[in-house]
Amino acid sequence: MESGGHSRRSRGSKSQLARVSDQNKFMAVQTFIMDHYPTSNSALIGTLKLQKHPEGGYFVETDRQPANIPSPFVGELVDVA
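Using my numbering, the first residue of the sequence shown is number 17, and each one after it goes up by one.
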(Lines of atoms letter the chains of each structure in order from A and count residues from 1; the text may use other names and numbers.)
(Lines give C-alpha, C1' and ligand atoms only; values in the text may rest on other atoms or scores of the structure.)
Protein backbone atom coordinates (compact mmCIF):
# COMPACT_ATOMS: atom_id res chain seq x y z
CA MET A 1 0.00 0.00 0.00
CA GLU A 2 1.07 3.53 -0.71
CA SER A 3 0.96 6.22 1.91
CA GLY A 4 -2.57 7.24 2.82
CA GLY A 5 -3.83 3.64 2.92
CA HIS A 6 -4.71 3.40 -0.78
CA SER A 7 -3.51 0.50 -2.88
CA ARG A 8 -2.11 1.21 -6.29
CA ARG A 9 -4.30 -0.07 -9.14
CA SER A 10 -3.64 -0.31 -12.83
CA ARG A 11 -5.70 2.41 -14.46
CA GLY A 12 -4.97 1.94 -18.16
CA SER A 13 -3.73 4.53 -20.59
CA LYS A 14 -4.90 8.13 -20.69
CA SER A 15 -6.54 7.54 -24.08
CA GLN A 16 -8.59 4.67 -22.62
CA LEU A 17 -9.70 6.93 -19.78
CA ALA A 18 -10.58 9.71 -22.22
CA ARG A 19 -12.58 7.27 -24.36
CA VAL A 20 -14.58 6.09 -21.34
CA SER A 21 -15.15 9.68 -20.33
CA ASP A 22 -16.32 10.56 -23.86
CA GLN A 23 -18.69 7.58 -23.84
CA ASN A 24 -20.13 8.72 -20.51
CA LYS A 25 -20.57 12.26 -21.89
CA PHE A 26 -22.31 10.89 -24.98
CA MET A 27 -24.69 8.80 -22.87
CA ALA A 28 -25.46 11.82 -20.67
CA VAL A 29 -26.22 14.01 -23.69
CA GLN A 30 -28.32 11.28 -25.31
CA THR A 31 -30.33 10.86 -22.09
CA PHE A 32 -30.83 14.63 -21.83
CA ILE A 33 -32.08 14.80 -25.43
CA MET A 34 -34.50 11.92 -24.97
CA ASP A 35 -35.85 13.48 -21.76
CA HIS A 36 -36.22 17.00 -23.16
CA TYR A 37 -37.05 16.41 -26.83
CA PRO A 38 -39.75 13.74 -26.88
CA THR A 39 -40.93 14.57 -30.43
CA SER A 40 -39.52 12.41 -33.20
CA ASN A 41 -37.77 13.90 -36.23
CA SER A 42 -40.48 12.69 -38.60
CA ALA A 43 -43.16 14.34 -36.44
CA LEU A 44 -41.24 17.64 -36.45
CA ILE A 45 -40.73 17.45 -40.23
CA GLY A 46 -44.45 16.96 -40.72
CA THR A 47 -45.54 19.58 -38.19
CA LEU A 48 -43.21 22.24 -39.61
CA LYS A 49 -44.00 21.19 -43.21
CA LEU A 50 -40.30 20.88 -44.02
CA GLN A 51 -39.19 20.03 -47.55
CA LYS A 52 -36.22 17.84 -48.47
CA HIS A 53 -33.23 19.91 -49.52
CA PRO A 54 -31.43 18.69 -52.68
CA GLU A 55 -28.06 18.80 -50.87
CA GLY A 56 -29.40 16.88 -47.86
CA GLY A 57 -31.44 17.70 -44.81
CA TYR A 58 -34.70 19.65 -44.68
CA PHE A 59 -35.76 23.28 -44.96
CA VAL A 60 -38.74 25.55 -45.00
CA GLU A 61 -38.94 28.86 -46.84
CA THR A 62 -39.64 31.52 -44.26
CA ASP A 63 -39.46 34.67 -46.38
CA ARG A 64 -39.55 35.59 -50.04
CA GLN A 65 -39.11 39.08 -51.38
CA PRO A 66 -42.09 39.84 -53.67
CA ALA A 67 -40.09 42.21 -55.90
CA ASN A 68 -37.86 40.88 -58.66
CA ILE A 69 -34.55 42.60 -59.31
CA PRO A 70 -33.65 42.66 -62.99
CA SER A 71 -30.34 41.04 -63.87
CA PRO A 72 -27.73 43.28 -65.51
CA PHE A 73 -26.57 40.23 -67.48
CA VAL A 74 -29.78 39.53 -69.42
CA GLY A 75 -28.99 38.78 -73.05
CA GLU A 76 -25.26 38.26 -72.50
CA LEU A 77 -23.80 34.96 -73.61
CA VAL A 78 -21.03 33.49 -71.51
CA ASP A 79 -18.41 31.27 -73.15
CA VAL A 80 -17.56 28.54 -70.67
CA ALA A 81 -15.18 26.64 -72.96
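Where a beta carbon is used, it is the ideal one built from N, C-alpha and C, also for glycine. Because the structure is a prediction, the values reported are computed rather than measured.
In this structure, the CA atom of residue 71 is about 18 Å from the CA atom of residue 78. Around residue 37, the same chain offers no residue with a beta carbon nearer than 8 Å, after the five sequence neighbours per side are excluded.
Put simply, the backbone Cα of residue 86 is about 51 Å away from that of residue 42. With contacts defined by Cβ atoms closer than 8 Å, residue 67 and residue 75 form a contacting pair. Beta-bridge annotation (DSSP): residue 67 is paired with 75.
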